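Trainee: Next up is a structure, given as structure tokens.
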Amino acid sequence: MKRRWNDGLWIVSLLYLVLGFFNILFAWLGLLCFFIPLIIAATRGSKAYCNRYCGRGQLFALLGGRFGLSRRADMPRWMKSRWFRYGFLIFFLSMFFSMLWNTYMVFAGSRQLQQVVTLLWSFRLPWHWAYPQDSVAPWVAQFSFGFYSVMLTSTLLGIATMILYKPRSWCVYCPMGTMTQLICKAKNAKQMQKNIE
Amino acid sequence: MARKGRKALVHKDECVACGCCEKVCPRSAIRVILGIVAAVDLKRCIGCGKCQRECPAAAIVMMEAEA
């Protein structure tokens, strides 16, 4: 199969995680992974991001597929159910908004900057070396720590399900994937109906 | 090896439209439609089963069908 430029986007995803280890402010770039899929889904009504440009999906496909780090088993039925997918989306969004609230509290001066990365919404890891002291406003740094926590946590979950199930099992419950599919469903409902008929 | 009459079938309710199937199909016989669900072109599908093995949602089954 012909190789395309976008087949190498896994490098960008990997680089993102590495850069965040050295300078947490790179975490802001992760917003691209939030906005691009939503914009594509809302304007073009497609999941082109998931299908072609998702570096994280490519990374899992590479590690689980070519490097053989996946058991390649089917996921349990409950994990593929709508309840779990939509439930995880709601949980993920609530955690995301709680992170935004933390950022606001630091912006408002009611809370001090926490130089930690929180894994799986519970485990706080020291990460102070990645913050160039006083280089930016505290809330800018707080958002970086929070957002990098979201990205690292979801990567870890993705790696866990990659190992246990199929390489791109993360795609089944990826909140961005669920959201873009919902947007496409809403946008293309009529056209889909025509296709079926 | 392709088997005559064996085709991929997508369970629409389980498909998450991730596009993993598109990437592995040697005949470009399966693609995600409108960001909602993957659909198989039965005329092109040779029933190799690659998409079934790749699908993380196990939404694809192989079945006997006429092209």
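Order-wise, the sequence lines are chains P and U.
Its first residue numbered 110, the first sequence is counted upward by one per residue in our numbering.
Its first residue numbered 37, the second sequence is counted upward by one per residue in our numbering.
Using N, Cα and C, we set each Cβ at its ideal position, and we do this for glycine too.
Nothing here was measured: the structure is a model prediction, and the numbers come from that model.
(1) Please confirm whether Ile96/U has its beta-carbon closer than 9 Å to some beta-carbon of chain P.
(2) Tell me, to the nearest whole angstrom, how far the beta carbon of Cys93/U is from that of Glu50/U; I am working on the premise that it is less than 8 Å.
(3) Looking at Arg277/P and Cys54/U, is the spacing between their C-beta atoms short of 9 Å?
(4) With C-beta atoms as the reference, is Leu209/P less than 9 Å away from Gly267/P?
(5) Within the 9 Å Cβ cut-off, does Leu45/U reach chain P?
(6) So, with DSSP's three-state summary, where would you put Val97/U?
(7) Going by beta-carbon coordinates alone, are Trp230/P and Thr264/P separated by less than 9 Å?
(8) Leu78/P: which of Met260/P, Gly177/P, Pro146/P, Ser253/P sits nearest, CA to CA?
(9) Who are the neighbours of Gln290/P on chain U, taking C-beta pairs under 8 Å?
(10) Across which residues does DSSP place Val46/U in a beta bridge pair?
(11) Relative to chain P, which residues along the stretch 81–92 of chain U have a C-beta separation below 9 Å, given in chain order?
(12) Trp119/P: buried (16+ other C-beta within 10 angstroms of its C-beta) or exposed?
(13) Who are the near neighbours of Asn132/P in its chain, counting only those whose CB is closer than 6 Å to its CB and skipping five residues on each side?
(14) For Asp183/P and Leu123/P, I'd like the C-alpha separation in whole angstroms.
(15) Keeping to the same chain, check which residues put their C-beta closer than 7 Å to that of Val60/U; ignore five residues upstream and five downstream.
(16) Quick one: what's Phe232/P bridged to in DSSP?
(17) Just tell me which of Asn115/P, Arg113/P, Gly117/P, Phe130/P has its CA closest to the CA of His237/P.
(18) Are the CB atoms of Leu279/P and Arg181/P nearer to each other than 9 Å?
(19) Going by alpha carbons, who is nearest to Met214/P out of Pro241/P, Gln242/P, Gln251/P?
Mentor: Once the coordinates are examined:
(1) no
(2) Rather than Cys, the amino acid found at residue 93/U in this sequence is Ala. So it is a contact: roughly 5 Å between Cβ atoms.
(3) yes
(4) no
(5) no
(6) strand
(7) no
(8) The question about residue 78/P has no answer here: the residues shown for chain P are numbered 110 through 306.
(9) Val52, Ala53, Gly71, Ile72
(10) Ile96/U
(11) Arg89, Glu90, Cys91, Pro92
(12) buried
(13) Ala239
(14) 26 Å
(15) Lys86, Cys87, Glu90
(16) Leu228/P
(17) Phe130/P
(18) The question names Leu, but residue 279/P in the sequence shown is Trp. Cβ atoms of Trp279/P and Arg181/P: not closer than 9 Å.
(19) Gln251/P
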